[in-house]
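If you read the sequence shown in my numbering, its first letter stands for residue 62, the second for the next number, and so on.
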Amino acid sequence: MHKDLQPIAVPLVAWFGQNKRELPWRQDKNPYHVWVSEIMLQQTRIEAVIEHYYAFMAALPTVESLAAVPEERLLKLWEGLGYYSRARNLKKAAQVIMETYGGNFPQEYAALVKLPGIGAYTAGAIASICFNEKVPAVDGNVLRVLARLQADRSNVLDPAVKKAAEALIHDILPDDAGDFNEGIMELGETVCLPNGLPLCDKCPLKNYCKAYRQNITAELPVRIKKTQRRLEEKTVFLFYSPQGELALNKRGDSGLLAGLYELPNVDSFLEENCIAARARQWGLEPLEITYLKDCKHIFTHIEWQMRCYTVRVKEKNESFDWCTAEALESDYALPTAFAKCLD
Ligand code: SF4
62 MHKDLQPIAV
72 PLVAWFGQNK
82 RELPWRQDKN
92 PYHVWVSEIM
102 LQQTRIEAVI
112 EHYYAFMAAL
122 PTVESLAAVP
132 EERLLKLWEG
142 LGYYSRARNL
152 KKAAQVIMET
162 YGGNFPQEYA
172 ALVKLPGIGA
182 YTAGAIASIC
192 FNEKVPAVDG
202 NVLRVLARLQ
212 ADRSNVLDPA
222 VKKAAEALIH
232 DILPDDAGDF
242 NEGIMELGET
252 VCLPNGLPLC
262 DKCPLKNYCK
272 AYRQNITAEL
282 PVRIKKTQRR
292 LEEKTVFLFY
302 SPQGELALNK
312 RGDSGLLAGL
322 YELPNVDSFL
332 EENCIAARAR
342 QWGLEPLEIT
352 YLKDCKHIFT
362 HIEWQMRCYT
372 VRVKEKNESF
382 DWCTAEALES
392 DYALPTAFAK
402 CLD
């Protein structure tokens, strides 16, 4: 199997040299730039990342500045990227780099993979792209390309399949390991597209591709999810003070969205005639209650179904923080799940 794929290295690296997209973190091989971009790109589209990346680098241009950033500021910079634990881990890792490595970015995979929030993929990407270490960096794009190249129907969501892919790439990596790894990821992102739509006519590897030869590219990769998402219903309250300020609550220090602001909410869908009573339990006197909308937000293992009500109250109280629209824009990091509930 490995022998079959050995010849892909040369055309892949050559194709990457001619076709790579100009991305801000590709302008140099600075490990700080590559690291932050890789963490941002986990589960976020590249177009959305570019804008956040520029703002992040303008605010925190060095590992040192990241290590010292106040948490609220960090979370504000991360707003819209989701999964805030990734931002917190960035800061923790920056602190380790400052304290343990004197501010010098570790150069080897073995050291990188021990940093908070850096797994095998990210360590492999940094080590190979920035320091040309011959280590694999296997993400979903690489798994898709490999499944198609080999016409392999294994479940790409199975960790054992990922391990096998890493071993395979390890065996066929050329000396320019960084270009190979970036090249196969770029191929997955721009040519060997997901959802049954690869652009095989533009592919530098089509002569080596079994799925293309067998005309089964649309059937691959096989993805079988083992975990079902848990559905949770919530009633979400947009309490407005007479001055037009919105009530926000700070979540507890553990669990989903820990330590972030939220719109006041309760589990389950309340009957509309119970909304006023619930507001009073928070010490608020409702003047006007309006059903706003239903919306949903999907986390990895949980789906929130949210029923939202706008409630104008007689006066604000100490149960919540009350913020103006401008402050919400500039000072508060409201998770996307709740931003969807806003009017
Ligand atoms: S030939 Fe098509 S299916 Fe095969 S690797 Fe290239 S783009 Fe993907």
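Ideal Cβ placement from N, Cα and C applies to all residues, glycine included. Model, not experiment: these values are computed from the prediction.
Is the distance from the Cβ of residue i to the Cβ of residue j below 7 angstroms?
| i | j | result |
| --- | --- | --- |
| K375 | L353 | no |
| H362 | A398 | no |
| M159 | A128 | yes |
| N193 | G163 | no |
| V217 | P282 | yes |
| F381 | A308 | yes |
| A208 | A198 | no |
| L151 | Y145 | no |
| E364 | R284 | no |
| G180 | A154 | no |
| I350 | Y322 | no |
Within 10 Å of its beta-carbon, does residue i have 16 or more other beta-carbons around it, so buried, or fewer, so exposed?
| i | result |
| --- | --- |
| P69 | Just to set this straight, residue 69 is Ile in the shown sequence, not Pro. By the neighbour-count rule (16 or more Cβ atoms within 10 Å), I69 is buried. |
| L395 | buried |
| Q304 | exposed |
| G344 | exposed |
| G143 | buried |
| V203 | buried |
| K287 | exposed |
| D213 | buried |
| K295 | buried |
| P167 | buried |
| P341 | For the record, residue 341 in the displayed sequence is Arg; it is not Pro. Counting Cβ neighbours within 10 Å, R341 comes out exposed, since fewer than 16 surround it. |
| R368 | buried |
| I277 | exposed |
| Y115 | exposed |
| K377 | buried |
Taking only the alpha-carbon atoms, compute the straight-line gap between residue i and residue j and give it to the nearest angstrom.
| i | j | result |
| --- | --- | --- |
| N383 | Y393 | It should be noted that the sequence gives Trp, not Asn, for residue 383. Roughly 11 angstroms separates the two Cα atoms. |
| M246 | L324 | 38 angstroms |
| L210 | K271 | 5 angstroms |
| E390 | Q366 | 24 angstroms |
| M62 | A226 | In this prediction, M62 has a pLDDT of 45, which is less than 50 and means its spatial position is unreliable; what the coordinates show is noted afterwards. Distance between the alpha carbons of M62 and A226: 11 angstroms. |
| A75 | Q67 | 15 angstroms |
| L403 | E250 | 33 angstroms |
| L331 | V222 | 45 angstroms |
| E280 | W139 | 36 angstroms |
| G244 | A188 | 15 angstroms |
| C433 | E99 | Absent from the model: residue 433. The displayed extent of the chain is 62 to 404, so no value can be given. |
| L73 | E333 | 60 angstroms |
| K401 | Q275 | 44 angstroms |
| L102 | V110 | 6 angstroms |
| D65 | Y269 | 8 angstroms |
| Q88 | R82 | 11 angstroms |
| T385 | P92 | 39 angstroms |
| E387 | Y301 | 14 angstroms |
| F241 | R373 | 58 angstroms |
| G141 | H113 | 9 angstroms |
| A148 | F360 | 16 angstroms |
How far does the beta strand (DSSP E) with residue i in it extend, from its first residue to its last?
| i | result |
| --- | --- |
| D382 | 382 to 384 |
| D355 | 347 to 359 |
| Q67 | It is not in any beta strand (DSSP E) - Q67 carries neither H nor E in the DSSP assignment. |
| R368 | 363 to 374 |
| N310 | 307 to 311 |
| D328 | 326 to 328 |
| R82 | It is not in any beta strand (DSSP E) - R82 carries neither H nor E in the DSSP assignment. |
| K286 | Note, K286: premise wrong, no beta strand (DSSP E); not H, not E. |
| T296 | 291 to 301 |
Going by alpha carbons, who is nearest to residue i out of the options?
| i | options | result |
| --- | --- | --- |
| G201 | K287, E83, Q104 | Q104 |
| L292 | L403, S329, E250, S146 | S329 |
| C335 | F298, Y322, A308, K311 | F298 |
| I190 | L234, N378, E387, R205 | L234 |
| Y170 | V196, N150, I100, T161 | V196 |
| Q156 | K137, Y145, E306, P131 | P131 |
| K263 | L248, N256, P255, I277 | L248 |
| V71 | P167, V95, D236, K311 | D236 |
| L266 | I230, V206, Q79, P255 | V206 |
| A119 | D232, I107, E108, R134 | R134 |
| L173 | N80, V95, R106, P122 | V95 |
| V97 | E108, P122, E379 | P122 |
| V124 | E108, T161, I107, L321 | T161 |
| F117 | R312, P85, K224 | P85 |
Tell me whether residue i counts as near the ligand FMN, meaning its Cβ is closer than 6 angstroms to at least one heavy atom of that ligand.
| i | result |
| --- | --- |
| P396 | This structure simply doesn't include the ligand FMN; it includes the ligand SF4 instead. |
So residue i is in the alpha helix (DSSP H); what residue range does that whole segment cover?
| i | result |
| --- | --- |
| Y162 | 146 to 162 |
| F399 | 397 to 400 |
| V97 | 92 to 102 |
| T183 | 181 to 192 |
| E341 | In the sequence as presented, Glu is not what sits at residue 341; that position holds Arg. Start and end: 336 to 342. |
| F166 | That residue, F166, is in no alpha helix (DSSP H); it is neither H nor E in DSSP. |
| Y39 | The structure shown does not extend to residue 39, since the chain is modelled only from 62 to 404, so the question has no answer here. |
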